[in-house]
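Undergrad:
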Amino acid sequence: MPLEGLLEEFANAKRVFEPTGIQLNLLWLKTGTVDPGFLAINSTSDRSQMPSGGYGNLYVQRSQTPSELSDGALAAFEGIIEPADNNSRTVYLLALQNVYMTFFENLDDTGRNWAPKVVNTSGLSFPSYMYGDTIPDRIRGVITLTKHDSKNKLTIAHELGHKLINVSHEYKAIGPQHEIRSDEGLMLYGSGSQIPSGKEGRWHQERLLLSPYLYRLDKTGKQIWNADYEAGGFYYDPLYGDYTIAFE
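So the sequence shown is residues 29 to 276, counted in my numbering.
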């Protein structure tokens, strides 16, 4: 991912989140040499991957069987992200070469036959609704980037949406899915950048404003952080109160 492209997308992400009252703050940008083995990774361990069992929606299933980082991803993130006081409250954008994600697709209507699908991601947010607290706190803010969205310039904004709103690909009447393309809403693949509010908007804006990665400044300039997750950070974490959607 070109450096100029990363900065262009970050500037656009600032514009996307600004109407919600969120100010994105770029602390620093670092380049350097890393272990070549860190540049191409599988995102998730094989042992934590399985098809849908049909006994709950996507978010319920993920809380029952959380994803876990692959050994390669864990080594890369721990090797690249430097220890700091606010590691667990900081989002880290890591530009790598290839990050692969595997999920299962249903091959028929019986629920018996499934096939793994491997995607070479453009960006991946490792969100809490999927991983819960299986990711060590020090690196839980990681987001990987491998391709520049030269058309819409929304990859960073979209992945920040996953991390901060803590939802999958969904928008208003569109329920969560692994992949869906539409030009409506930041959390779908396309040109949309809307972050809706209220129940009809699936509480996206309300969930965003509760994110543990956000803080406010008091009159003295002290950072007052939002409350942290209470139960691993899954979609129905008590942190969100009534700002969830109950569905099959």
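Just so you know, even glycine gets a beta-carbon here, dropped at the ideal spot from N, CA and C.
Is the beta carbon of Ser153 sitting closer than 7 Å to the one on Glu187?
TA: Residue 153 sits at position 125 when you count from the first residue of the sequence shown. Residue 187 sits at position 159 when you count from the first residue of the sequence shown. Yes, these two residues count as a Cβ contact at 7 Å.
Undergrad: Thinking just about the alpha-carbon of each residue, which of Asp99, Arg43 and Asn141 is nearest to the one in Thr162?
TA: Here residue 162 corresponds to residue number 134 of the sequence shown, with the count starting at 1. Minimum Cα distance to Thr162 is reached at Asp99.
Undergrad: What beta strand (DSSP E) runs, 3 residues minimum, are completely inside the stretch 130 to 213?
TA: With a minimum length of 3 residues, the continuous beta strand (DSSP E) runs that stay inside the stretch 130 to 213 are 142 to 148, 170 to 173, 197 to 199 and 202 to 205.
Undergrad: Which value, in whole angstroms, describes the spacing of the CA atoms of Gln125 and Gln51?
TA: Looking up residue 125 in the sequence shown gives position 97. Looking up residue 51 in the sequence shown gives position 23. If you take the alpha carbons of Gln125 and Gln51, they lie about 29 Å apart.
Undergrad: Whole alpha helix (DSSP H) runs in the stretch 218 to 256 with 4 or more residues, listed along the chain?
TA: If we require 4 residues or more, the alpha helix (DSSP H) runs fully inside the stretch 218 to 256 come out as 232 to 237.
Undergrad: State the Cα-Cα distance for the pair Met129 and Ile109, rounded to the nearest angstrom.
TA: If you number the sequence shown from 1, residue 129 lands on position 101. If you number the sequence shown from 1, residue 109 lands on position 81. The straight-line gap from Cα to Cα measures roughly 21 Å.
Undergrad: On the DSSP letters alone, give me the boundaries of the alpha helix (DSSP H) that Tyr87 sits inside.
TA: Within the sequence shown, residue 87 is the residue found at index 59, counting from 1. Counting along the chain, the alpha helix (DSSP H) containing Tyr87 begins and ends at Leu86 to Gln92.
Undergrad: Would you mind working out which of Asp63, Asn134 and His232 sits nearest Gly107, comparing C-alpha positions?
TA: Numbered from 1 along the sequence shown, position 79 holds the residue referred to as residue 107. If we check each option's Cα against that of Gly107, Asp63 comes out closest.
Undergrad: Could you pull out every residue in the same chain whose Cβ sits closer than 8 Å to the Cβ of Val44, ignoring the five residues on either side in sequence?
TA: Counting from one through the sequence shown, the residue named residue 44 turns up at place 16. For Val44, where only same-chain residues beyond five positions count, the Cβ hits under 8 Å are Leu182, Ala185, Leu214, Ser221 and Ile223.
Undergrad: Looking at C-alpha atoms only, which residue of Glu32, Phe131, Val88 and Asp113 is the closest neighbour of Val147?
TA: Counted from its first residue, the sequence shown places residue 147 at position 119. Nearest option by C-alpha distance: Phe131.
Undergrad: Do Met29 and Leu173 have their CB atoms nearer than 7 Å?
TA: By one-based count along the sequence shown, residue 29 stands at place 1. By one-based count along the sequence shown, residue 173 stands at place 145. Yes, they are a contact pair.
Undergrad: For Tyr268 and Leu242, which I take to be in contact (beta-carbon distance under 8 Å), what is that distance rounded to the nearest angstrom?
TA: One-based indexing of the sequence shown puts residue 268 at position 240. One-based indexing of the sequence shown puts residue 242 at position 214. Their Cβ separation, rounded to whole angstroms, is 14 Å, which puts Tyr268 and Leu242 out of contact at 8 Å.
Undergrad: Work out the CA separation of Thr48 and Gln205 for me, nearest whole Å.
TA: Along the sequence shown, read from residue 1 onward, the residue named residue 205 stands at position 177. Along the sequence shown, read from residue 1 onward, the residue named residue 48 stands at position 20. For Gln205 and Thr48, the distance between alpha carbons rounds to 24 Å.
Undergrad: Here's the rule: buried if 16 or more other CB atoms are within 10 angstroms of the residue's CB, otherwise exposed. What is Pro144?
TA: Walking along the sequence shown from the start, residue 144 turns up at place 116. Per the 10 Å Cβ criterion, exposed.
Undergrad: Would Asp72 and Ser95 be called neighbours here (beta carbons separated by less than 7 Å)?
TA: Here residue 72 refers to the residue found at position 44 when the sequence shown is read from its first residue. Here residue 95 refers to the residue found at position 67 when the sequence shown is read from its first residue. The amino acid occupying residue 72 in the given sequence is Thr; Asp does not appear at that position. Cβ atoms of Thr72 and Ser95: closer than 7 Å.
Undergrad: Return helix, strand or coil for Val62, following the three-state DSSP convention.
TA: The sequence position of residue 62 within the sequence shown is 34, counting from 1. Coil at Val62, not helix or strand.
Undergrad: Classify Thr272 as helix, strand or coil using the three-state DSSP reduction.
TA: Within the sequence shown, the letter at position 244 stands for residue 272. Coil at Thr272, not helix or strand.
Undergrad: Write down the C-beta distance between Asn194 and Tyr157 rounded to the nearest angstrom, noting that I regard them as a contact closer than 8 Å.
TA: Position 166 of the sequence shown holds residue 194. Position 129 of the sequence shown holds residue 157. Indeed, because the Cβ distance is near 5 Å, the residues count as touching under 8 Å.
Undergrad: Cα-Cα, which of Ile167, Leu236 and Gly261 is closest to Glu46?
TA: Locating residue 46 in the sequence shown gives position 18, counting from the first residue. The shortest Cα separation from Glu46 among Ile167, Leu236 and Gly261 belongs to Leu236.
Undergrad: Using the three-state DSSP reduction, which class does Val44 fall into: helix, strand or coil?
TA: As a first step, residue 44 is located in the sequence shown; it is residue number 16 there, counting from the start. Residue state, collapsed to three classes: helix.
Undergrad: Spatial neighbours of Ile273 within its chain, please: C-beta separation below 6 Å, excluding the five flanking residues on both sides.
TA: Here the question's residue 273 lines up with position 245 in the sequence shown. Taken in chain order, the residues that qualify are Arg230.
Undergrad: Under the three-state reduction of DSSP, which class applies to Ile109: helix, strand or coil?
TA: Residue mapping note: residue 109 aligns to position 81 of the sequence shown, counting from 1. Ile109 falls in the coil class under three-state DSSP.
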